[in-house]
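Engineer: Going by this note's numbering, the first residue of the sequence shown is number 7, and it counts up by one from there.
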Amino acid sequence: GLAVSVSHRALRASPFLASKMLYKVVALSAMGLAHALPAVDQTPSGTYKGAKSVLGQSISMVVGVDDATHMDLTISGSISVNCKQEGYSYDGSSTITLPGLNTAGDCVHDALAAAPLPVTIKSVKYSGSADTVTITAGVSFLTTTVTLTKGSLAESPAISAAEHGLWWTEFKAHHGRVYAHNEEARRFAIFKENLDTIAARNSDGSLGFHFVNEFADVSSEEFRATHMGYKPKTTTHAQEELALALTTRATSASVDWRSHSPAVLTPVKNQGQCGSCWAFSATEQIETDVAMSTGHLYTLSPQQIVSCDKTDAGCDGGNTETAYDYVATKGLEPESAYPYTSGDTGKDGSCRYSGSKTQVTIQSYKTVSSRKSSEGKMLTQIAKSPMSVCVDATTWQTYKSGVVGKSCGTTLDHCVQAVGYNADQGYWI
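(1) Could you tell me whether the region 352-366 touches the region 402-416, using the rule of 3 or more Cβ pairs below 8 angstroms?
(2) State yes or no: is the C-beta of residue 305 within less than 9 angstroms of the C-beta of residue 342?
(3) Would you tell me roughly how many angstroms separate the C-alpha atoms of residue 77 and residue 97, rounded to the nearest one?
(4) Taking a contact to mean a Cβ-Cβ separation below 9 angstroms, would you say residue 264 touches residue 432 in this structure?
(5) Starting from residue 435, follow the beta strand (DSSP E) in both directions and report where the run begins and ends.
(6) Would you give the residue range spanned by the alpha helix (DSSP H) that residue 405 belongs to?
(7) Where does residue 114 sit, in a helix, a strand or coil, going by DSSP?
(8) Between which two residues does the beta strand (DSSP E) harbouring residue 57 extend?
(9) Is residue 125 near the ligand GTP - that is, is its Cβ less than 8 angstroms away from at least one heavy atom of it?
(10) Please report the distance separating the alpha-carbon of residue 434 from that of residue 271.
(11) For residue 227, is the classification buried or exposed, using 16 other Cβ atoms within 10 angstroms of its Cβ as the cut-off for buried?
(12) Taking residue 311 as the reference, give the member of 335, 70, 90 with the closest Cα.
(13) With a threshold of 6 angstroms on Cβ separation, who are the neighbours of residue 91 within its own chain once the five nearest residues in sequence on each side are excluded?
(14) Which residues mark the beginning and the end of the beta strand (DSSP E) in which residue 393 is found?
(15) For residue 366, which beta-bridge partners are listed by DSSP?
(16) Go ahead and label residue 315 buried or exposed: buried means 16 or more other beta carbons lie within 10 angstroms of its beta carbon, across all protein chains shown.
(17) Could you check what DSSP says for residue 426 in three-state terms: helix, strand or coil?
(18) Under a Cβ-count criterion, where at least 16 other Cβ atoms within 10 Å of its own Cβ denotes burial, should residue 350 be classed as buried or exposed?
(19) Which one or two residues does DSSP pair with residue 161 in a beta bridge?
(20) Do you know how far the Cα of residue 146 is from the Cα of residue 430?
(21) Within 10 Å of its beta-carbon, does residue 346 have 16 or more other beta-carbons around it, so buried, or fewer, so exposed?
(22) Can you list, in chain order, the residues of its chain with a C-beta nearer than 7 angstroms to that of residue 82? Leave out the 5 residues immediately preceding and following it.
(23) Spatial neighbours of residue 212 within its chain, please: CB distance less than 7 angstroms, with the 5 preceding and 5 following residues excluded, ordered by chain position.
(24) Measuring alpha carbon to alpha carbon, tell me which residue in 397, 52, 409, 422 is nearest residue 415.
(25) State the Cα-Cα distance for the pair residue 386 and residue 427, rounded to the nearest angstrom.
(26) Just curious, the alpha helix (DSSP H) that residue 354 is in, first and last residue?
(27) Since residue 168 is in the alpha helix (DSSP H), which residue starts that stretch and which ends it?
(28) Could you pull out every residue in the same chain whose Cβ sits closer than 7 angstroms to the Cβ of residue 107, ignoring the five residues on either side in sequence?
(29) Determine the direct distance from the alpha carbon of residue 51 to that of residue 73, and round the result to whole angstroms.
(30) With DSSP as the reference, please indicate the residues paired to residue 143 in a beta bridge.
(31) Does any CB atom of chain D fall closer than 9 angstroms to the CB of residue 201?
(32) Please tell me whether residue 142 and residue 151 are closer than 9 angstroms, where the distance is taken between their beta carbons.
(33) So, are the CB atoms of residue 307 and residue 327 less than 9 angstroms apart?
(34) For residue 54, which of 161, 93, 104 has the nearest alpha-carbon?
(35) Which same chain residues, not among the five before or five after residue 172, have their C-beta less than 7 angstroms away from its C-beta?
(36) Look at the alpha carbon of residue 157 and the alpha carbon of residue 137, and state the distance between them as a whole number of angstroms.
This is the structure we're talking about:
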């Protein structure tokens with residue numbers, strides 16, 4: 007803002023004087039600029055707040071700087087952290103380091119270790135010019151960032167196209183996915199659709215917790231075709247029902263057969279890329295009933311049923327009752343003699359049943375209820391033993407944990423084994 011006039015004659019007559027005057031102009035201008043610019047915080051101080059919605063779940067963060075070496079860190083939402091006087095160091099440039107992050111016993115370390123998913127803080131950055139703190143976190147194998155500012159809680163933008171691309175890269179690396187060029191664009195589009203589905207289910211609040219898993223690049227139609235293999239019986243034969251007294255939720259007690267001793271359940275299995283849930287459900291129930299009758303827990307072969315039960319359609323689906331009919335006729339080999347392969351191939355495989363290897367046979371079976379919603383009889387039976395059940399698994403493609411509390415549906419498409427009931431909260435296991 008300084009006006010200086012130097013005549014052409016003066017400059018020509020005295021170059022030294024002109025040089026000196028120009029130096030003063032530059033120096034004075036610099037001084038004026040220094041006074042005009044606002045002061046910049048060179049170190050973090052005060053309180054910074056930020057929030058972000060990640061897959062339908064809001065995460066809020068607050069950093070309160072106590073002094074040059076300690077801060078308070080609070081994270082709320084799907085992750086809970088409330089740590090006071092957490093040690094930190096600042097390099098004077100941009101990086102804030104929390105030295106206790108990898109040490110058991112440190113408040114932040116222990117809080118993150120208790121989260122429902124693996125959570126890491128990858129970096130904490132401070133911008134002196136903007137006076138903001140940016141936290142980059144890893145949730146399972148996905149990376150997200152939250153920017154914290156001073157004043158009221160600032161909501162970071164929703165997941166951006168750049169983050170979608172980053173998550174896609176991280177998903178492929180985590181699950182070892184490699185696609186042909188023309189296939190990748192289609193799978194990426196499905197991936198983004200599934201991210202929206204996960205966010206909607208988490209936002210609902212009553213469908214449990216949903217997250218990106220190995221099925222995130224699979225459409226709902228593909229998932230149904232390869233994993234939901236229940237098919238109703240085509241015959242009109244009415245299977246005999248068990249004579250069970252109706253039990254209401256109010257009078258039922260909690261039961262969890264997973265902790266029963268001696269064990270009556272074999273480990274959870276993976277049907278893979280084959281719609282063979284019906285064969286697994288039937289096999290697991292036979293394993294349980296044999297264990298409860300004889301005291302011997304055998305791991306039996308669902309592959310034999312998939313390959314040899316010609317009443318059903320193998321990887322294209324089937325029915326637990328016709329699977330029992332097959333076993334009543336042929337018996338069932340152990341898993342060790344007839345291992346499961348259809349999960350990798352997606353094919354039924356040729357039948358190579360050998361009667362000499364049969365380990366278990368059954369004489370008959372009975373149905374707990376032929377109606378879709380007779381939970382009274384189910385409550386009675388679950389107190390006596392686990393059950394083979396078929397369910398509507400529409401939301402299971404993205405399920406991670408928690409209780410699916412509503413919208414269970416009545417379109418049966420998947421068969422499993424019910425192994426317990428929680429009377430306090432009214433859910434099946």
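Quick reminder that beta carbons are idealized off the backbone N, C-alpha and C, glycines included.
Structural biologist: Let's see:
(1) no
(2) yes
(3) 15 angstroms
(4) no
(5) Premise fails: residue 435 is in no beta strand (DSSP E) and is neither H nor E.
(6) Segment 405-410 is the beta strand (DSSP E) holding residue 405; no alpha helix (DSSP H) there.
(7) helix
(8) 52-60
(9) Among the components modelled here there is no ligand, and therefore nothing to report on the ligand GTP.
(10) 16 angstroms
(11) exposed
(12) 335
(13) 76
(14) 393-397
(15) 338
(16) buried
(17) strand
(18) exposed
(19) 57
(20) 31 angstroms
(21) buried
(22) 66
(23) 411, 412
(24) 397
(25) 11 angstroms
(26) That residue, residue 354, is in no alpha helix (DSSP H); it is neither H nor E in DSSP.
(27) 167-181
(28) 114, 115, 127
(29) 8 angstroms
(30) 127, 150
(31) Here chain D cannot be found, since the structure has a single protein chain.
(32) yes
(33) no
(34) 161
(35) 149
(36) 11 angstroms
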